[in-house]
Amino acid sequence: MKKIHLIGIGAGNPDYITVQAIKALNRTQVFFILDKGLTKDALLGLRKDICERYIEGNDYRLVQVQDPQREADLASYQAGIETWHEQRAVLFERLISQEVGEGETGAFLVWGDPSLYDSTLRILDRVLRRGAEVFDYEVIPGITSVQALAAQHRIPLNRIGEPIHITTGRQLAQSDGADIDNVVVMLDAHCTFERFVDQDLHIYWGAYLGTSDEILINGPLSDVSEQIGAIRADARAAKGWIMDTYLLRRNLD
Ligand SMILES: C[S@@+](CC[C@H](N)C(=O)[O-])C[C@H]1O[C@@H](n2cnc3c(N)ncnc32)[C@H](O)[C@@H]1O
90 MKKIHLIGIG
100 AGNPDYITVQ
110 AIKALNRTQV
120 FFILDKGLTK
130 DALLGLRKDI
140 CERYIEGNDY
150 RLVQVQDPQR
160 EADLASYQAG
170 IETWHEQRAV
180 LFERLISQEV
190 GEGETGAFLV
200 WGDPSLYDST
210 LRILDRVLRR
220 GAEVFDYEVI
230 PGITSVQALA
240 AQHRIPLNRI
250 GEPIHITTGR
260 QLAQSDGADI
270 DNVVVMLDAH
280 CTFERFVDQD
290 LHIYWGAYLG
300 TSDEILINGP
310 LSDVSEQIGA
320 IRADARAAKG
330 WIMDTYLLRR
340 NLD
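FYI, the numbering for the sequence shown is 90 to 342, going by the working numbering.
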């Protein structure tokens, strides 16, 4: 039977890779490198570096393909996701069919961890449901950007006995702020935190976490919001892309 590894490679630092991931890399014959277009040369580079650094010998193949882009102008967000997932499932099916031989193992190297805001598991599930390809798969966890954020700011994610909420910039934009207590925000292209500067919140912000370009800022939201916005815009302009994550925490009285 064919086998697929979904290997979490950590969110930016090649040292985030686990021993389990290194063992899985060394049991893989073909790696699929999905090229996501303009932003992601550096992300592609990390995947290639990881293969070179951790795989003994060079008895493996890299297959680089263009990942379908999500169309922003489709009528609804859900319809856009559905179309995009189907296109990716067709691509994954073709890759598994053409590039992984019977008894061989292929791998997708997933940024951070496959369980967090990543659709690779859902796509593999979809490929299996389509029924044309039969394979077994294994998930190898990685260090998420959320863990990297907490580690770099040297903070626990939750306060004692309290929950932690993880969400997206899109979701946070629907909030009036009253429900923000202890929330990690990902995938926020619009500095949504700026809407809440009048609230008694602290922000722990990190960009390019784990990489040599890492930027960390923390402080009362009302004090540092503008600074983060400006630094973020400059960094994005200089590099052409940015990945940032932040924790908003309401101050206790
Ligand atoms: C599609 S999600 C993937 C998350 C990933 N699976 C993980 O475990 O972190 C992409 C978002 O993760 C966050 N992110 C990923 N890597 C990051 C990094 N090195 N620094 C800051 N944020 C990062 C950003 O919020 C980015 O918009």
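The beta-carbon is built from N, C-alpha and C at its ideal position, and this holds for glycine as well.
**Request:** For my contact list, Leu-213 and Ile-93 are in at a C-beta cut-off of 8 Å; report their separation, rounded to the angstrom.
**Result:** 6 Å
**Request:** Using beta-carbon positions only, say whether Leu-95 and Tyr-226 come within less than 8 Å of one another.
**Result:** yes
**Request:** Determine the extent of the beta strand (DSSP E) in which Gln-153 is found, giving its start and end residues.
**Result:** Residue range 150 to 155 is occupied by the beta strand (DSSP E) that includes Gln-153.
**Asked** Roughly how many angstroms separate the alpha carbons of Gly-97 and Leu-151, rounded to a whole number?
**Response** 17 Å
**8 Å Cβ cutoff met for Gln-258 and Leu-276** = Gln is not the amino acid found at residue 258; the sequence shown has Gly there. Going by C-beta atoms, Gly-258 is nearer than 8 Å to Leu-276.
**Message:** Relative to the C-alpha of Glu-171, which candidate in Arg-215, Asp-124, Gly-192 has its C-alpha closest?
**Reply:** Arg-215
**Prompt:** Can you tell me where the beta strand (DSSP E) with Gly-299 in it begins and where it stops?
**Reply:** Run containing Gly-299: none; DSSP gives neither H nor E here.
**Message:** Quick check on the DSSP output: the alpha helix (DSSP H) that includes Pro-214 runs from which residue to which?
**Reply:** Residue identity check: residue 214 is Asp in the sequence provided, not Pro. Where Asp-214 is concerned, the enclosing alpha helix (DSSP H) starts and stops at 209 to 219.
**Prompt:** Which residues in the same chain have their Cβ closer than 6 Å to the Cβ of Phe-285, if we skip the five residues on either side of it in sequence?
**Reply:** Same-chain partners within the cutoff: Gly-266.
**Message:** According to DSSP, simplified to helix, strand and coil, what is His-174?
**Reply:** Helix, per DSSP.
**Asked** Under 8 Å between the Cβ atoms of Thr-334 and Val-273?
**Response** Contact: yes.
**Asked** DSSP state of Lys-328, grouped into three classes?
**Response** helix
**Message:** For ligand 1, is there any heavy atom lying closer than 7 Å to the beta carbon of Val-228?
**Reply:** Ligand 1 has no heavy atom closer than 7 Å to the beta-carbon of Val-228.
**Asked** With Leu-310 and His-291 assumed to form a contact (beta carbons below 8 Å), what rounded beta-carbon distance in angstroms separates them?
**Response** 7 Å
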